[in-house]
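Number of protein chains: 4
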Amino acid sequence: MLMQKGTKGASLDMPTGSTFKERLAELAAHPRLERPLVLVGIAVMVVGTLPEMSATYALVLTGSCLSIAAAFAILYAVRIWSSEHRAMAARSPAAIVDLLAAAPIPLALAVGASAADARLLGILWALKLIRQNPAFALVLRVLRSERQPLLSVATAFLVITLFASTLAYLAERQAQPEAFSSIPAALWWTVTTITTTGYGDKTPISFFGRVVGGSVMIAGIGLFALWAGILASSFSAELKRRDFLESWDVVVRLPLFRGLGSAALAEIARLLKVENFAPDTPIVRAGQPGDSMYFIAEGEVAVVVGDQRIPLKAGQFFGEAALIASAPRNATVVAAGRARLLRLDVVEFRDLASRLPELLAIIHSEDSRRKPGED
Amino acid sequence: MLMQKGTKGASLDMPTGSTFKERLAELAAHPRLERPLVLVGIAVMVVGTLPEMSATYALVLTGSCLSIAAAFAILYAVRIWSSEHRAMAARSPAAIVDLLAAAPIPLALAVGASAADARLLGILWALKLIRQNPAFALVLRVLRSERQPLLSVATAFLVITLFASTLAYLAERQAQPEAFSSIPAALWWTVTTITTTGYGDKTPISFFGRVVGGSVMIAGIGLFALWAGILASSFSAELKRRDFLESWDVVVRLPLFRGLGSAALAEIARLLKVENFAPDTPIVRAGQPGDSMYFIAEGEVAVVVGDQRIPLKAGQFFGEAALIASAPRNATVVAAGRARLLRLDVVEFRDLASRLPELLAIIHSEDSRRKPGED
Amino acid sequence: MLMQKGTKGASLDMPTGSTFKERLAELAAHPRLERPLVLVGIAVMVVGTLPEMSATYALVLTGSCLSIAAAFAILYAVRIWSSEHRAMAARSPAAIVDLLAAAPIPLALAVGASAADARLLGILWALKLIRQNPAFALVLRVLRSERQPLLSVATAFLVITLFASTLAYLAERQAQPEAFSSIPAALWWTVTTITTTGYGDKTPISFFGRVVGGSVMIAGIGLFALWAGILASSFSAELKRRDFLESWDVVVRLPLFRGLGSAALAEIARLLKVENFAPDTPIVRAGQPGDSMYFIAEGEVAVVVGDQRIPLKAGQFFGEAALIASAPRNATVVAAGRARLLRLDVVEFRDLASRLPELLAIIHSEDSRRKPGED
Amino acid sequence: MLMQKGTKGASLDMPTGSTFKERLAELAAHPRLERPLVLVGIAVMVVGTLPEMSATYALVLTGSCLSIAAAFAILYAVRIWSSEHRAMAARSPAAIVDLLAAAPIPLALAVGASAADARLLGILWALKLIRQNPAFALVLRVLRSERQPLLSVATAFLVITLFASTLAYLAERQAQPEAFSSIPAALWWTVTTITTTGYGDKTPISFFGRVVGGSVMIAGIGLFALWAGILASSFSAELKRRDFLESWDVVVRLPLFRGLGSAALAEIARLLKVENFAPDTPIVRAGQPGDSMYFIAEGEVAVVVGDQRIPLKAGQFFGEAALIASAPRNATVVAAGRARLLRLDVVEFRDLASRLPELLAIIHSEDSRRKPGED
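Heads up: the protein sequence lines correspond to chains E, X, S and F, in order.
Taking the working numbering, the leading residue of the first sequence gets 28, the next gets one more, and so forth.
Taking the working numbering, the leading residue of the second sequence gets 28, the next gets one more, and so forth.
Taking the working numbering, the leading residue of the third sequence gets 28, the next gets one more, and so forth.
Taking the working numbering, the leading residue of the fourth sequence gets 28, the next gets one more, and so forth.
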C-alpha cells in the first residue's frame, strides 16, 4: 500500500514525450543546450570589457550578445508555448530567469544605452547556471532549516563589527585622522579584518587599536567556525534524507522486493544507493576487489566472460559472489544501455545478516536458481 | 503523567494579557517596537561621525540620539513599573541593557562631554540586538558545553603565538630593526599572520623568518580547523535537543496522541518538527510533490478545493494522502489564522511503519472516519 | 562485577595527602601556584624586549626573570624529592618541562650571553601552559587517531604548493625578475597565498600567474575544509567517549544504582553528565524553568525553601518534580560544600521511559519515600 | 559462510615473495626506496633555481637531476619486467607516473632545452608522493561521493564571483580606471577577496565598491563554511566504513570468534580497531590506567612480569583484567615481533554487556582456562 508508482526519477533522462510539442518542450528545457550558450555568452561579455577588445571588435561583441539574447528569447517562447498551463508557466521563477536572459540587452539598446554598457547586462545569464543546478535545492534546504542559528551568528557578526568600528575609530582617530576619519571609514577596516581578508590599506598603529584588531581577527575566526559547525551538522541530516528518498523511489518498484513489508523496504532503501551509468560504462571490472553488489533497477547490463556477453535485465542483481567470498571480481560487467542500479556496499551487506535476513534470503534463493559462474 | 500542561511556546506570540498593565508590559517588551529604534539609532550615530555630517547637522544628530535614548528610558520605566517583582526586574540583565541604552548619552552631556563624543555611546544600543535573538541561547549552550576543548585550543593558540613572536623577533631584528623592534611589535605581526589576515604592513624577509611565517600560517589554519571541528560536533547534539524539546511541548498536548505511552510520545516528538505559519500563508500547494504531512497543534487551517474552503481544526491532520500514494498534492491548504503545525517528513513517515505502528493506526482510523477527497 | 572502585576522578581536587611530603607534592603540582608565575614571567620577558624598557630597567627585568627561574627550580626540586620513584620522576616529560623552565636563563648568563638575550629564554615557560591543560589530551587523541587522513591532506598541500611555486616562477620570472627570482622565492608567495594570508608583498601580474594564484587560493580553501571536516567527525566520537568515561566512574559508585545490571549502568552512564560545583554555588534557582534533574555523587547540597535549608546527601537526587510536571523550579538548591553531581537532561529523561524503565522506577520509589514539597 | 579468507591486509608488509623476481618487484615498489629519492630530487630542483646556485653548480645540479631520473627509469623497468601482465602494467596509472618521473628531463635536454629549464621538470617527481599515500583513496572517495553538493557550491562561487566582478567594475571604473579597467581586471580582485586572501594590490575606494567588497568577503566565508560542512558530514561516514572493513578482515580469521554468527561478527568488527606494532614496542605499560583490551590477530606479544616474559600467540588476548577491575595495568606487554592487534576500547567493552553477551562469555571462559596474574 505504501509502494505505489513513484513518478520522480523514473525517466533516466531519456526523451519520453510522444507528441512533437512534448519533445520540443523537453529539448528547450535541456541543460545541454543552454549551458554552453550561457558560458559562451558570459565569456563574450567579460572579454568585451577589455578596452582593446571593446575598441576593435565592438560590433562583433554586441552582435554576439544580441544573438545569444535572441536564442534565449526563442527558448523562452518555446517553453511557454509548449507548456500546458501557459499563464502559470509565464509567471514561474524559471520563466522570470528566462526573461531576464532575453530582454534586458535589447531593451537597454532601445532606450539609448551605449553598446558597451548594454553588453554588461549579459551577467544576468549567470542566473541560469543556478537554476540548472540539481543539488542547489539541497543547499537551500540546509540554509532554510538552520536559518535561526545562522542569523543568530550573523547578528553577533554585526554587533561585534559595530563595536569594533567604534573602538577602532576612538583608538586611531588621533594618530591616523585620514584612514579612520569616521565610523563608516573604520567599518571598512573592520569588515576586511573580521573576515580575515586583511587588505592592509588601513592598519591600526596605536597599541589600543592593535588590541582591537587582534580581538576582531580572533572573533572573526570564531564566528566563521560557528557558521561552519552549524552547516556541517545540518548537512549530514539532509544528505541522508536525499539518499533515502532517491533510493525509496526505486526500491518500491523492484519486483524482487515485492513480498517485503514497508518496514523492511524502508530499511533496504536506507542501505542501497542509486547510481546511474551511461551506455557501455564498466560497472565492475574483473580482477578488482569487490566492495559492493548491484541490483538492476532500470535498463540492461552485460556480464563479459571471455568473448561471451550474458545479459542481465531489470530486477536481477550481480556482484554478490565477490562479497560473499571476499575474492576479486571474476567478470567485468558493463551497462548495455543507460542503466539505473542500486548499489549495496560491503559494509551494509555484512550488516544485513543481523538486520534484514529477508534480503539475504532473496539473494540466496535467486542465486540457487541461477547457473554458477555468472557473476 | 508526563504530559501535563507545558507553559513554554503555548502562546503563538498573540497578546494574551487581560489587564491594561499586562498589555502594556507585552507591548514594551516586543522586539517589533525596539528593533527599528535600535537600527535607526545606530545608523544616526554611525553617520554622525562623518566630518561633513557632524559639522552641518550637529544639532539634528544630537537631538535624534537624545530622543532615542529618551524612548528607551520610557520603555525601561514601563517595563519596571508593569512587572510583578519590581525590585527583581530592575536588577535583571535585561534591565541593565535597557539602562545602558537610556542613561549614558544624557549623562555624558551632563558631565560636559562634547556632543560628538556623547553620541558615540549610542553603540550600546547594539546590545539590545543580542538580547532579542532567540537562537543566541543555543549558541551560548554550545560554547559553554565545549568550553574545555575550546579553551584548550585557545591556549595552544596563545603558546604558538608567543613562541612565533619570539622566533620572528630573533630572525628579523637584524634585517628590519624598525618593524620587528621588540616582541610586542612581533606579536602584532604574528596575530595578523596566524589568523591568516595578512595585512602586509610587516612581512619577514629573512629565510628563517619566512620559515617561521609559513609555519605560523599553517598552524593557524590547523587551530581554526580544530575550533570548527569542536563546534560542529557539539552543534549537532544541541540542534537535535532544541527540536525535541519544542516538539515535545506540542505533542503532549495533542488529544490525538492521548492514548500513547510516554515511550511512543518521545519517539513521535523526535520525528515531528514544529512550524509556525502566519495567517493566509499557503502550507501545501495543489500539484506540488508531497514530502510531508502536518498535524495541527494550534490555530486553524483551510483546505481549498476549487471554490470551497474546508476548515480543519487543532488536533486534525492533512497531507497524508500524498505521502501514502506518492502522488502530487490534490489540494492547497492555507493557514486560516496564525497556526502552529507539526510536520512529519516523508522519510520519518516511511520509517514509522517499523518503529511506531501505533501512529500509523491513528492516521488510518482518523482517515476512515473522514470523507474521501478532503486532503 | 564491572563496578569495582574507580580511582580516577574520585578526589574532587581536595588535598588528600596525609603526610607532609604528600601535601608538599600536591602543592608543588598545583596549577594555581604555577600559572600566575608563568604569566607574570612571560609578561616580563615580552615587555623587556621593548628598547626603552630594556635600556632603563635592565637590572629589574633580569632580576625578575632569574627569580622566576629560581622559583621553578625550587618547585622542580620539591617535586622530584617528594615523588616515590625519584629516578623515574626526574626523567618524565613533566620534569623536562620543569627543567627547561629553571635552567636555561642562569645557564645562558653563565656562558656569557647578554642579559637581554638570556631573558628571551623565558619563552620556554609557556610550555607549562600546555602541560597544565586538561583537555589537551583530548585534542591529541583526535590528532593521533586521524593522523593518516590529516597527513594525506598535508601531502596534497605540499604537492600543490610545489607545483604552484614552479608554475608561478615560470609565469612571473620575465615580468618580475626580482619578486619571483627563483622557486624558493615563489614558494614564499605560494605559502602566503594557499593559506589565504595574502600579504601582498608579492603578487602575480601576468595573466597565467593570476590563473595560478586564483587556483591556489581555491585549493587552499578546499584543503582547509578537508582538514576541518576530518577533525569535526573525529571530535564528535572523542567527546562522547570522554563524557561516557567520566560518567561511568561516578555511576558505578552510586548506591542508588547498585541493583542494576551493567547493561543498564552503561546506558545510564551515557545519559548522565558529570558536573562539579564550588561551595555555595546555586545549582537550580526557584522560578526558573527546569530542564534537568541531578543525582548527588559526592559532597552535600542544600534545598532552600524560605528560610529553611534541607540538606541532601550523596546518593540522593533532586529536581525531578520540575521535569515531571513541566513546571518551574519550586526551590533553590545550592552546593553546601564542593559537590559532584550527575545531571540528567530533560531530553534524556523523556527518552528514559522507553529505554530504561528501571531508572524511572528508582526515581518513583525514592520519591514516594520522601515527604512532598522537598524539591 | 561469510567469513572466508580475506586477502587484504594479511601480510603485515613483510616480504612475502618467494622467487627473486617477486622480491625484486616488492623492493622496487617500496615507498622507503622511492620517497627519499623524490624528496632529494625536488630539493635539488628547487635550490637549483636560485640564481647564485644555478650559476656556480650548474653541472652538479643537472647531473643530480639526471641521476635521479635514471634511478626512476631503472625502477620503472624493474616493475614492468617483474609484473605478470607486462602490457597491462605498462599502461597503469602508476606506470604513467613512473614514466613522467623518468623521461621528461632527458627528453627536454635532447630537444635542446636549457639545463636550467630541463631541471624544472623534476617537479613531476612530486606526483609520486600522492601515489604512495594510503589515505588518499579515502579523501578521493569523500570528494567523489559528495561531488554533487560540492559542485553546487562551486557554481554558486562562480556566479557570485562573476556578479561581484561586474558590480565592482561598474563601481570603481570611474575612480580607479587603472585597477578596475575591465571585468577580467576586476575578476582578479574578486577572487583574492572572496577567498579572503586580500593582497591589497587593488582595493575599492568608492562607497558602492566597498559594499560590494564587504558582501563578497562575507559570501566567501559562507561558501567556505558550506564546503567544510559538506566534507565534514561525509568524512564521518567514510572513516567509519574504513575502520569496519579493516577490522572485519581480521575478525573473521580469528579462531576465537569462530562460533559466532555473522551478525555478532559484524557487531564485533564495528567495536574493534586494528592497530599494528613494530617489534619490541610496548603495547600496555604496568601502572598506567587501562582503557582498552587487545586481541592478537597476527604475530606474538610478550607479557613482562618482573624478569619473566610470558609469550602470547595469535588468537589470545590480554588487558581485560584492568578493564574489569578498573585498576591500573599490572604488567607491561610488548610486541615480540611485528604484531597486528585488535583493540577493544573501554567504552565499547562496557557497551558489550548489553549488546554482545557472547563476546563477554568468550572472554570469561578463556580467562578461567588461564592461570591468574597473567594480565
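Beta carbons are placed, not taken as given, at the ideal position from N, Cα and C, and that holds for glycine.
Taking a cut-off of 8 angstroms for Cβ pairs, the region 307-322 of chain F and the region 336-354 of chain F touch, as three or more such pairs fall below it. In this structure, residue 292(E) lies near residue 278(E), with their beta-carbon atoms less than 8 angstroms apart. Annotation: residue 89(F) to residue 98(F) spans about 14 angstroms, alpha carbon to alpha carbon.
Contact note: residue 252(E) reaches chain X through 251, 254, 255, 258, using a C-beta cutoff of 7 angstroms and chain order. For residue 192(S), the enclosing alpha helix (DSSP H) stretches over residues 174-199. DSSP, reduced to helix, strand and coil, places residue 155(S) within a helical segment of the structure shown.
For residue 75(S), the closest alpha carbon among the candidates 118(S), 230(S), 144(S) is that of 144(S).
One thing to note: residue 173(F) has its Cβ within 8 angstroms of the Cβ of residue 261(F). Near chain E, meaning a CB-to-CB distance below 9 angstroms, the residues of the region 270-296 of chain F are 271, 272, 275, 276, 279, 288, 289, 290, 291, 292, 293, 294, 296.
In the DSSP assignment, residue 335(X) forms a beta bridge with 332(X). Residues of the region 161-189 of chain E with a Cβ closer than 8 angstroms to any Cβ of chain X, in chain order: 173, 175, 176, 178, 179, 180, 182, 183, 185, 186, 189. In the three-state reduction of the DSSP assignment, residue 207(X) falls in the coil class. At a cut-off of 8 angstroms, the C-beta of residue 211(S) has a neighbouring C-beta in chain F. Looking at the backbone, the Cα of residue 87(E) and that of residue 300(X) are separated by about 56 angstroms. Counting along the chain, no alpha helix (DSSP H) covers residue 372(S); the unbroken beta strand (DSSP E) around it starts and ends at 366-372. Rounded to the nearest whole angstrom, the C-alpha separation of residue 175(E) and residue 367(F) is 49 angstroms. At the C-beta level, residue 233(S) and residue 199(S) come within 8 angstroms of one another. Look at the region 202-231 of chain E: the residues with a C-beta under 9 angstroms from a C-beta of chain S are 223, 224, 225, 226, 227. Under the three-state reduction of DSSP, residue 279(F) is assigned to coil, being neither helix nor strand. Contacts between residue 268(S) and chain F, judged by CB atoms closer than 7 angstroms, involve 374 in chain order. For residue 237(X), the closest Cβ of chain S is nearer than 8 angstroms. Here the C-alpha atom of residue 329(X) lies approximately 42 angstroms from the C-alpha atom of residue 371(S). Residues of the same chain with a CB within less than 8 angstroms of the CB of residue 193(X), apart from the 5 flanking positions on each side, are 210, 213 in chain order. The alpha carbon of residue 224(S) has as its nearest neighbour, out of 236(S), 243(S), 235(S), 237(S), the alpha carbon of 243(S).
With a cutoff of 8 angstroms on beta-carbon distance, residue 356(E) and residue 311(E) are scored as near each other. Residue pairing by DSSP puts residue 362(E) in a beta bridge opposite 328(E).
Selection 178(X), 217(X), 350(X), 54(X) evaluated against residue 106(X) yields 54(X) as nearest (Cα-Cα). In this structure residue 218(E) touches residue 241(F) by the C-beta definition: roughly 4 angstroms separates them, less than 8 angstroms. In this structure, the beta-carbon distance from residue 358(S) to residue 331(S) falls below 8 angstroms. By alpha-carbon distance to residue 67(F), the top candidate from 168(F), 77(F), 95(F), 269(F) is 95(F). Of all residues in the region 134-151 of chain F, the ones placed with a Cβ closer than 7 angstroms to any Cβ belonging to chain S are 147, 150, in chain order. As DSSP reads the structure, residue 319(X) sits in a beta bridge with 372(X). When only Cα atoms are considered, residue 49(E) and residue 108(E) end up about 11 angstroms apart. Counting along the chain, residue 88(X) sits inside the alpha helix (DSSP H) bounded by residues 85-109. Just measuring C-alpha positions, the residue of 389(X), 190(X), 266(X) sitting nearest residue 286(X) is 389(X).
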